[in-house]
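Undergrad:
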Amino acid sequence: MSSKIPIVVYRDGLLAYSETFVRDQAEGLERFVPFYAGSRRVEGLDLPGERTVVVNGGGPFGKTAEALYKLRGAAPGFYRRLERLGPALVHAHFGPDGVSAMPLARRLGVPLLTTFHGFDATMTDEYARRSFYRHRAYLRGRPALQREGRLFLAVSEYIKGRLVEVGFPPEKIVVHYNGVDTRLFRPEPGAERGPVVLFVGRLVEKKGCEFLVRAMSRVQEAVPEAELAVIGTGPLRAPLEELAGKTLRRYRFLGALPPGEVRSWMGRASVLSVPSVTASTGDAEGFGLVFAEAQATGLPVASFDGGPIPEVVAHGETGFLAKEGDWEGLASHISRLLEDGDLRRRMGERGVERVRERFDLRERTHALEEIYASVLR
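Numbering (the working numbering), first residue to last: 1191 to 1567.
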């Protein structure tokens, strides 16, 4: 470990179950060793305790320490522990965390890199102003981040464009796609794929599950044996189940599942459909990792063409993309895929190739290390 360069990976709450991409990326580094820093631990992913430093370590004064840190950037013990590590840079994930990490980067005297993953670049300023404290603090701190941040990593060209629109210097923005662990997400030889259309994602507005339920009512007219399987939970689950109960014959809502079970479903479904849209808050996909993961298993995709999705799914090559909001067009694409096994096979094989060419986690991590090295030269 001593031959590796220490860096700080910053996330305010360390580390939600949904943020495996942060840990996978950091733990895949070969020339650098990540130390995780933030204001507190949250229920979620396991992190190496000896490489995790938080402001709020619990106890009677933990919440007070966290509040002082968030309001004034004051956390002397936190800073001292990280100073002793001698990190070469701070890499924050999500825009608000970039703002939160500025005092740390200043104290350490090292470059600050911030990755923008989606909502942090797409939510409207109007929504942020009337949202909770974290979003308001980000709006206030954004001009300073634009000045002080050494580099901004956008997870898609779409996100880069949104950052430029709100004043981030284009010369400071690098597009760095998320990666898929193709050792885990891979085709299963001999897997039996049934007429299952799979949705994987949070049941929130931007994931567009309502459009998929409506599309499946049309699909089941053409392909009566077609079934919708929904993996995920969220505030819209109850109304979505109610809609499915009124319009569909074959469907199931499976709730949140462990990663291994999600991969298993990808191996036995015939189509992945997550018809993401831009939410009323401005929230939109940043990259759409689930599309890359599904394609890595040989699963063709049917979705909408908004945001970054055309960067991940090649229309007519690894799947089909309808115009955003066109659920009837989506239904047509899903039906075509369910009815044509040869087409599914060809698209599935090309999807596997394309993910390995563009989105393999090991290659993306090597590219990230080159970005780090360029900043430190």
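Quick reminder that beta carbons are idealized off the backbone N, C-alpha and C, glycines included.
Within 10 angstroms of its Cβ, does V1403 collect 16 or more other Cβ (buried), or is it exposed?
TA: With 16 or more Cβ atoms within 10 Å of its Cβ, V1403 is classed as buried.
Undergrad: Following the continuous beta strand (DSSP E) through R1231, name the residue where it begins and the one where it ends.
TA: Here the beta strand (DSSP E) through R1231 covers F1222 to R1231.
Undergrad: Counting only the same chain and skipping the five closest in sequence on each side, list residues whose C-beta sits under 7 Å from that of D1214.
TA: Result list for D1214: D1371 and L1551, in chain order.
Undergrad: Taking contact to mean 3 or more Cβ pairs, one atom from each stretch, closer than 8 Å, check whether the region 1343-1361 and the region 1458-1465 are in contact.
TA: Taking 8 Å as the limit for Cβ pairs, the verdict is that the region 1458-1465 does not touch the region 1343-1361.
Undergrad: How is R1442 classed by DSSP in three states: helix, strand or coil?
TA: Note: R1442 maps to strand in three-state DSSP.
Undergrad: What three-state label does DSSP hand G1203 in the structure shown?
TA: Three-state DSSP puts G1203 in a strand.
Undergrad: Kindly indicate the opening and closing residues of the alpha helix (DSSP H) around H1556.
TA: It spans L1551 to L1566 - the alpha helix (DSSP H) in which H1556 sits, taken as one unbroken run.
Undergrad: Could you tell me the alpha carbon to alpha carbon distance between L1533 and A1512, rounded to whole angstroms?
TA: Spanning the two alpha carbons is a distance of roughly 17 Å.
Undergrad: Between P1301 and Q1336, what straight-line distance do the alpha-carbon atoms span, to the nearest angstrom?
TA: Their backbone Cα atoms lie some 13 Å apart in a straight line.
Undergrad: Would you list, in sequence order, the uninterrupted beta strand (DSSP E) runs of no fewer than 3 residues that lie entirely inside the region 1387-1440?
TA: Qualifying beta strand (DSSP E) stretches, in chain order: 1417-1421.
Undergrad: Pull up the distance between the alpha-carbon of F1268 and that of D1310, whole angstroms please.
TA: Between F1268 and D1310, the C-alpha separation is close to 26 Å.
Undergrad: Residues in its own chain within less than 6 Å of G1424 by CB, not counting five upstream and five downstream?
TA: Cβ within range, chain order: R1392, L1393 and V1394.
Undergrad: Roughly how many angstroms separate the alpha carbons of I1421 and E1431, rounded to a whole number?
TA: Cα to Cα, I1421 sits roughly 12 Å from E1431.
Undergrad: Does DSSP classify H1325 as helix, strand or coil?
TA: Residue state, collapsed to three classes: helix.
Undergrad: State the Cα-Cα distance for the pair R1330 and D1202, rounded to the nearest angstrom.
TA: Cα-Cα distance, rounded: 17 Å.
Undergrad: Quick check on DSSP: helix, strand or coil for L1261?
TA: Three-state result, L1261: helix.
Undergrad: Under the rule that 16 or more other beta-carbon atoms within 10 Å means buried, what is D1473, buried or exposed?
TA: Classification of D1473: buried, given that the 10 Å Cβ count is 16 or more.
Undergrad: If you follow the alpha helix (DSSP H) that V1212 is part of, which residue opens it and which one closes it?
TA: Here the alpha helix (DSSP H) through V1212 covers T1210 to E1217.
Undergrad: Looking only at its own chain, which residues have a Cβ that is under 8 Å from the Cβ of G1496, when we skip the five neighbours before and after it?
TA: The answer, listed in chain order, is S1466, V1467, T1468, A1474, E1475 and E1514.
Undergrad: Looking at chain D, is there any beta carbon in it that lies within less than 8 Å of the beta carbon of G1384?
TA: Protein chain content of the structure displayed is limited to a single chain, and chain D is not contained in it.
Undergrad: Let me know the secondary structure DSSP gives V1243 once reduced to three states.
TA: Reduced to three states, the DSSP call for V1243 is strand.
Undergrad: Where does F1509 fall in DSSP's three states?
TA: Residue identity check: residue 1509 is Gly in the sequence provided, not Phe. Of the three classes helix, strand and coil, the one that applies to G1509 here is strand, per DSSP.
Undergrad: Kindly indicate which residue of P1449, R1544 and V1199 has the alpha-carbon position closest to the one of A1482.
TA: A1482 has its Cα closest to that of R1544, out of P1449, R1544 and V1199.
Undergrad: Based on DSSP bridge pairs, tell me the residues matched to F1494.
TA: For F1494, which the question treats as bridged, DSSP gives the partners A1512.
Undergrad: Can you tell me whether DSSP reads L1335 as helix, strand or coil?
TA: Of the three classes helix, strand and coil, the one that applies to L1335 here is helix, per DSSP.
Undergrad: Are there three or more Cβ pairs, one per stretch, closer than 8 Å when the region 1434-1441 is compared with the region 1268-1285?
TA: These segments do not touch.
Undergrad: Could you name the residues of the same chain whose beta carbon sits closer than 7 Å to that of V1413, not counting the 5 residues immediately before and after it, in chain order?
TA: Hits under 7 Å: P1385, S1525, L1528 and E1529.
Undergrad: Whose C-beta lies closer than 7 Å to the C-beta of E1338 among residues of the same chain, with five residues either side of it excluded?
TA: Excluding sequence neighbours, E1338 sits near M1292 and L1302.
Undergrad: Write down the C-beta distance between P1367 and R1230 rounded to the nearest angstrom, noting that I regard them as a contact closer than 8 Å.
TA: In the sequence on display, residue 1367 carries Tyr and not Pro. With 8 Å as the limit, Y1367 and R1230 do not qualify as a contact, their Cβ atoms being about 29 Å apart.
Undergrad: What residue does the alpha helix (DSSP H) around A1482 start on, and which one ends it?
TA: Start and end: L1479 to A1486.
Undergrad: In terms of alpha-carbon separation, which member of A1492, A1416 and I1499 lies closest to H1523?
TA: Taking only the C-alpha atoms, the option nearest H1523 is A1492.
Undergrad: Would you report the Cα separation of E1417 and D1236, rounded to the nearest angstrom?
TA: Between E1417 and D1236, the C-alpha separation is close to 35 Å.
Undergrad: Terminal residues of the continuous alpha helix (DSSP H) containing H1366?
TA: Here H1366 belongs to no alpha helix (DSSP H), and DSSP marks it neither H nor E.
Undergrad: Could you name the residues of the same chain whose beta carbon sits closer than 7 Å to that of T1471, not counting the 5 residues immediately before and after it, in chain order?
TA: These residues qualify, in order along the chain: M1313, T1314 and Y1317.
Undergrad: Do the CB positions of F1251 and Y1562 come within less than 8 Å of each other?
TA: For F1251 and Y1562, no; Cβs fall outside 8 Å.
Undergrad: Can you grab the Cα-Cα spacing for the pair V1212 / F1225, in whole Å?
TA: Cα-Cα distance, rounded: 12 Å.
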